[in-house]
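Take the sequence shown: its position 56, counting from 1, is numbered 55 in numbering that gives the first Met the number 0, and each next residue is one higher. Reading through the structure tokens given below for one structure.
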Amino acid sequence: MWFFGHIYYAIQGIYMLNQERMPVHVAIIMDGNGRWAKERGLPRLAGHNAGMKAMKKIVDHSDKLGIKHLTVYAFSTENWKRSLAEVSGIFKLLVAYVKSDLKELVENNVKVKVLGDYSSLPGDAVKSLEKTLQQTKDNTGLQFNIALNYGGRDEITRAVRSIGEKIAAGEIAPSDITEDLISGELFTGFTQADVPDPELIIRTSGELRLSNFLLWQSAYSELVFPDVYWPDFTPEEYEKAIADYQSRERRFGGR
Ligand code: IPE
Ligand code: IPE
Ligand code: MG
0 MWFFGHIYYA
10 IQGIYMLNQE
20 RMPVHVAIIM
30 DGNGRWAKER
40 GLPRLAGHNA
50 GMKAMKKIVD
60 HSDKLGIKHL
70 TVYAFSTENW
80 KRSLAEVSGI
90 FKLLVAYVKS
100 DLKELVENNV
110 KVKVLGDYSS
120 LPGDAVKSLE
130 KTLQQTKDNT
140 GLQFNIALNY
150 GGRDEITRAV
160 RSIGEKIAAG
170 EIAPSDITED
180 LISGELFTGF
190 TQADVPDPEL
200 IIRTSGELRL
210 SNFLLWQSAY
220 SELVFPDVYW
230 PDFTPEEYEK
240 AIADYQSRER
250 RFGGR
């Protein structure tokens with residue numbers, strides 16, 4: 000079985016992905032690190048560490064496939080409810096990832112952006128993120144968006160507040176509020192990370208929900224839910240999810 004599965008994926012990589020229908024923006028809810036660790040009798044942080052390694056491979060593979068935007072959900076506005084040990088462990092791993100990979104990201108022409116208010120993260124995490132944003136800002140290859148302290152409702156609330164302030168200051172009128180204006184005020188908006196809506200959203204681990212991810216931007220995204228836990232999400236699984244996306248008929252309310 001393993002043997003045949005292997006051949007199937009190898010063929011899929013070469014023949015089944017249609018370069019013309021490659022999504023411009025893939026967004027991923029990297030879920031299942033804790034369960035992956037639990038199944039192995041390991042601490043949850045070992046799962047997050049394995050998750051970082053999986054993420055690195057998916058960043059590389061996105062670049063190889065010619066995807067323009069990869070967004071990963073790394074930490075939600077609700078994840079603060081977890082133990083202090085887990086939360087600080089996740090941010091330590093993030094700092095370590097940036098330290099070991101920044102050079103490679105720069106060399107690979109990857110531009111890193113953060114979605115979410117990262118100013119409330121621990122100081123060393125803020126520092127390494129700012130260094131990463133700064134050193135990759137002129138890169139023109141893959142744009143790698145990390146959703147950190149990100150929540151879709153938080154993002155929409157901030158946008159509404161900002162629009163309210165502009166109206167109060169007399170800069171715009173209520174009749175100026177359009178979908179484009181709202182989109183522009185989001186973390187993904189043209190004045191911020193400047194990311195188009197994702198054609199494809201992948202959530203690993205078998206959970207069938209968005210958990211406050213890209214609520215506005217996901218209006219017409221195709222959703223794929225691989226059963227594997229995030230640390231087991233390989234480039235082969237990634238291609239399988241993209242092949243699934245490419246087999247869908249997108250109608251946008253038309254017929
Ligand atoms: C996803 O894995 C990573 C983060 C939310 C930071 P989880 O930690 O949610 O793993 P499970 O869902 O408990 O298995
Ligand atoms: C969503 O996963 C957040 C991230 C992957 C960063 P959660 O594990 O936090 O979501 P729920 O609690 O299962 O909905
Ligand atoms: Mg989870």
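Backbone N, C-alpha and C fix where the C-beta goes; we use that ideal spot for every residue, glycine too.
Margin query: When you compare the segment 19 to 36 with the segment 54 to 68, are there three or more beta-carbon pairs, one atom per stretch, that lie closer than 8 Å?
Written below: yes
Notebook entry, point to check: Does the beta-carbon of residue 124 have 16 or more other beta-carbons within 10 angstroms, so that it is buried, or is it exposed?
Noted result: Within the sequence shown, numbered from 1, the residue matching residue 124 stands at position 125. Looking at its Cβ environment, which holds 16 or more other Cβ atoms inside 10 Å, residue 124 is buried.
Margin query: Whole angstroms are fine: how far does the CA of residue 198 sit from the CA of residue 242?
Written below: Taking the first residue of the sequence shown as position 1, residue 242 is located at position 243. Taking the first residue of the sequence shown as position 1, residue 198 is located at position 199. Cα to Cα, the separation comes out at about 13 Å.
Check: What is the DSSP secondary structure of residue 202, counted as helix, strand or coil?
Finding: Along the sequence shown, one-based indexing puts residue 202 at 203. Strand.
Check: Quick one: what's got a C-beta closer than 7 Å to residue 187's C-beta in the same chain, skipping five residues either side?
Finding: The residue you call residue 187 lines up with position 188 of the sequence shown. Counting only Cβ-Cβ distances below 7 Å, and skipping sequence neighbours, we find 114, 194 and 216.
Item checked: Residue from 172, 59 and 201 with nearest C-alpha to residue 263 -> Residue 263 falls outside the range modelled here, since the chain spans only 0 to 254, and no answer is possible.
Item checked: beta strand (DSSP E) segment containing residue 70, residue limits -> Along the sequence shown, read from residue 1 onward, the residue named residue 70 stands at position 71. Where residue 70 is concerned, the enclosing beta strand (DSSP E) stretches over 68 to 75.
Checklist line | Own chain residues within Cβ distance below 8 Å of residue 172, not counting five before or after | finding: As a working mapping, residue 172 is identified with position 173 in the sequence shown. Closer than 8 Å at the Cβ level, and outside the excluded window around residue 172, lie 166.
Next item on the list: Identify which residue in 226, 118 and 105 has its Cα closest to the Cα of residue 239.
Entry: If you number the sequence shown from 1, residue 239 lands on position 240. Per the Cα distances, 226.
Checklist line | 8 Å contact criterion, which residue 32 and residue 234 should meet: CB distance rounded | finding: As a working note, residue 32 is residue 33 in the sequence shown. As a working note, residue 234 is residue 235 in the sequence shown. Actually they are not in contact, since the Cβ atoms of residue 32 and residue 234 sit about 18 Å apart, beyond 8 Å.
Check: Quick one: is the Cβ of residue 226 within less than 7 Å of any heavy atom of ligand 3?
Finding: Indexing the sequence shown from 1 puts residue 226 at position 227. Residue 226 Cβ: outside cutoff for every heavy atom of ligand 3.
Note to self: Taking the alpha-carbon of residue 118 as reference, which of 69, 182, 94 and 147 has the nearest alpha-carbon?
What the structure shows: Walking along the sequence shown from the start, residue 118 turns up at place 119. Of 69, 182, 94 and 147, the residue nearest in Cα terms is 147.
Check: Quick one: what's got a C-beta closer than 7 Å to residue 71's C-beta in the same chain, skipping five residues either side?
Finding: Residue mapping note: residue 71 aligns to position 72 of the sequence shown, counting from 1. Cβ neighbours of residue 71 beyond the five flanking positions: 27, 29, 54, 145 and 146.
Margin query: Please report the straight-line C-alpha distance between residue 68 and residue 20, rounded to a whole angstrom.
Written below: Position 69 of the sequence shown, counted from the first residue, corresponds to residue 68. Position 21 of the sequence shown, counted from the first residue, corresponds to residue 20. One C-alpha to the other measures close to 14 Å.
Margin query: Just to confirm the assignment, what range does the beta strand (DSSP E) spanning residue 26 have?
Written below: Counting from 1 along the sequence shown, the entry for residue 26 is found at position 27. Counting along the chain, the beta strand (DSSP E) containing residue 26 begins and ends at 24 to 28.
Margin query: The beta strand (DSSP E) that contains residue 147, what's its start and end?
Written below: In the sequence shown, residue 147 corresponds to position 148, counting from 1. Segment 142 to 149, the beta strand (DSSP E) holding residue 147.
Next item on the list: With a cut-off of 8 Å on the beta carbons, I'd call residue 93 and residue 135 a contact; round off their distance for me.
Entry: Indexing the sequence shown from 1 puts residue 93 at position 94. Indexing the sequence shown from 1 puts residue 135 at position 136. Going by Cβ atoms, the distance from residue 93 to residue 135 rounds to 15 Å, so no, they are not a contact pair.
Next item on the list: Compute the Euclidean distance between the alpha carbons of residue 232 and residue 112, then round it to the nearest angstrom.
Entry: Indexing the sequence shown from 1 puts residue 232 at position 233. Indexing the sequence shown from 1 puts residue 112 at position 113. Straight-line Cα distance between these residues: approximately 23 Å.
Next item on the list: Assuming residue 162 contacts residue 180 (C-beta within less than 8 Å), just tell me the rounded distance between them.
Entry: In the sequence shown, the residue the question calls residue 162 occupies position 163. In the sequence shown, the residue the question calls residue 180 occupies position 181. That pair is a contact at about 7 Å.
Checklist line | Closest by C-alpha distance to residue 16, when choosing among 159, 245 and 251 | finding: Here residue 16 refers to the residue found at position 17 when the sequence shown is read from its first residue. Measuring from the Cα of residue 16, the nearest candidate turns out to be 245.
Notebook entry, point to check: Is it true that the CB of residue 42 sits closer than 8 Å to the CB of residue 87?
Noted result: The count along the sequence shown starts at 1 and reaches residue 87 at position 88. The count along the sequence shown starts at 1 and reaches residue 42 at position 43. The answer is no: Cβ separation not under 8 Å.
Checklist line | residue 110 - partner residues in DSSP beta bridges | finding: Sequence index remark: in the sequence shown, residue 110 carries index 111 (1-based). Paired residues: 142.
Notebook entry, point to check: For the alpha helix (DSSP H) that residue 223 lies in, which residues bound it at each end?
Noted result: For the purposes of this step, residue 223 is identified with residue 224 of the sequence shown, where counting begins at 1. Careful: residue 223 lies outside any alpha helix (DSSP H), inside the beta strand (DSSP E) at 221 to 223.
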